[in-house]
Each structure stands twice: as C-alpha cells, then as structure tokens.
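A short write-up of the structure that comes next.
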Amino acid sequence: MTRPERFRRFLDYFTSNFPEPKTELAYRNPYELIVAVVLSAQCTDKRVNQVMPALLAQFPTAAELGAATADDIFPFIRSVSYPNNKAKHLAGLGRLLTEEFGGEVPSTIEELQRLPGVGRKTANVVVSVIYNQPAMAVDTHVFRVSHRLGLVPKTATTPLAVEKGLVKYIPQEVIPKAHHWLILHGRYICVARSPKCSACPLTDFCAYYPKVVAEGLAAVGKSAKSQR
Numbered sequence: 000m001t002r003p004e005r006f007r008r009f010l011d012y013f014t015s016n017f018p019e020p021k022t023e024l025a026y027r028n029p030y031e032l033i034v035a036v037v038l039s040a041q042c043t044d045k046r047v048n049q050v051m052p053a054l055l056a057q058f059p060t061a062a063e064l065g066a067a068t069a070d071d072i073f074p075f076i077r078s079v080s081y082p083n084n085k086a087k088h089l090a091g092l093g094r095l096l097t098e099e100f101g102g103e104v105p106s107t108i109e110e111l112q113r114l115p116g117v118g119r120k121t122a123n124v125v126v127s128v129i130y131n132q133p134a135m136a137v138d139t140h141v142f143r144v145s146h147r148l149g150l151v152p153k154t155a156t157t158p159l160a161v162e163k164g165l166v167k168y169i170p171q172e173v174i175p176k177a178h179h180w181l182i183l184h185g186r187y188i189c190v191a192r193s194p195k196c197s198a199c200p201l202t203d204f205c206a207y208y209p210k211v212v213a214e215g216l217a218a219v220g221k222s223a224k225s226q227r
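Per numbering that gives the first Met the number 0, the sequence shown starts with residue 0, numbered consecutively.
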C-alpha cells in the first residue's frame, strides 16, 4: 500500500468517526493551556488536570506566576514529573510573558520557544489548539502511532522528521485535528506495550498489524508442537 493511500484511509476513518477531537487537558484560556502543556511533559494529562485548579487559584495570571519563585510554585506541582525543573520553568515563563508579551501568550512558534520550558512540541500544541494553526506536535504517542501505521518511513527517527512526514500528506486545515487523533489513538488503543489490535479499527491498513498476526500464528504453532 502506498503512503498516500494509508493517509487517505487514516483521514477518512477519523473524519467520519471522530470529527471534533479535543485535547484532554483542562483549560479556559491560552495562559492556562501553556501552563498545562509545560506540566504535561512526560506526565499524564490526568495528573496535570488534578494539580491545575490549586495552582491556578494561587497564580491565576501570568503576572502572578511571574512574581512567584520556583519554591513558591513547587508545592502545587510536586506530584507531576520533574517538579523542580518545571517550577523554575513556570516562574520564568510567567515573568517573560508579563515583561515581553504583556501577559498574552504569543501566537508564533518562534516567539513561544523563547519561553522557559517551551520547546517545539509545546509550541506546536499551543498554536494548534489555541490558534488553530497547521502545526503538528510530535509526542511519544504521535511518534509511535505514525510509525506503526506506516504513515512515516522507518528513516524518520526524530520528532522533527516525523512532523515533516505527517504534514506533507495531511491537508493544512486538518492538521490540528490529526494531532489529537494520533495522540488519542496511541493513548487508548495503540499503546506502547501490548497494543489493543483486536479493538483497533485501523488494522486493515496498518503496517504493524501483519507482524502481530505473524507473531500470533507463530506462537500458536509453537504451542501446538509442544502439546504433541
């Protein structure tokens, strides 16, 4: 199957069955989203959503976050991954948002990446979710699912290479949605260990699935031989 055909079938399925995907991070404005995305690095959205209410009650604006120290912020995020680094990042992010952007979250990837704790993936999430720009954030789920489905070649070994491979074939107006489709599929179906292929609606064009079938048949054959 050609790569354009895989993309067509991927897009056809999700456009028909999941037309309006959304981030699972809880937020009400751009400031809350960027804070949540910074906290979500190597951490679950569920955990981030648990710590955000108390954090935002204490630091409801970029100015108040920027006026705080990392030590002030740490107690509110101690249960997320890497809380020490993230507390420092959030304090710096609040200061820079206030001093250079008037408390507003910028709308370009270049400006966003100037903020502490904001790399290309985080910047892509913000411009995609808030500003509906055609940016593809590549996290571990997007990276894994893209390879398993055969949407990107095996030679795409970096997040940037995967990002370029995906946006090449996905229409610009669909890219923000496709980002969520890949993440959610990887989070609930195409999980890292023991993917739930029996529950997956994409096996008819998945590049990885034939390997699962072959391994299953081999295991059955080995079991049959051992019982003789």
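Each residue gets a CB set at the ideal place from its N, CA and C atoms; glycine is no exception.
- Less than 9 Å separates the beta-carbon of G93 from that of G65.
- The Cβ atoms of L165 and I33 lie no closer than 9 Å to each other.
- In its chain, beyond the 5 residues on either side, I188 have a beta carbon closer than 8 Å to the beta carbon of A198.
- When only Cα atoms are considered, K21 and R192 end up about 24 Å apart.
- If you draw a straight line from the Cα of E214 to the Cα of C196, it is about 13 Å long.
- Just so you know, the alpha carbons of P200 and R5 end up roughly 13 Å apart.
- The DSSP-derived three-state label of T157 is coil.
- Here I169 carries a coil assignment [DSSP, helix/strand/coil].
- Positions of the alpha helix (DSSP H) runs, each at least 4 residues long and wholly inside the segment 95 to 141, are given as 108 to 111 and 119 to 128 in order along the chain.
- At least 9 Å separates the beta-carbon of P209 from that of R147.
- Collapsing the DSSP output to three states places K21 in coil.
- Excluding its 5 nearest sequence neighbours in each direction, S80 has C-beta neighbours in its own chain below 6 Å: Q41 and C42, listed in chain order.
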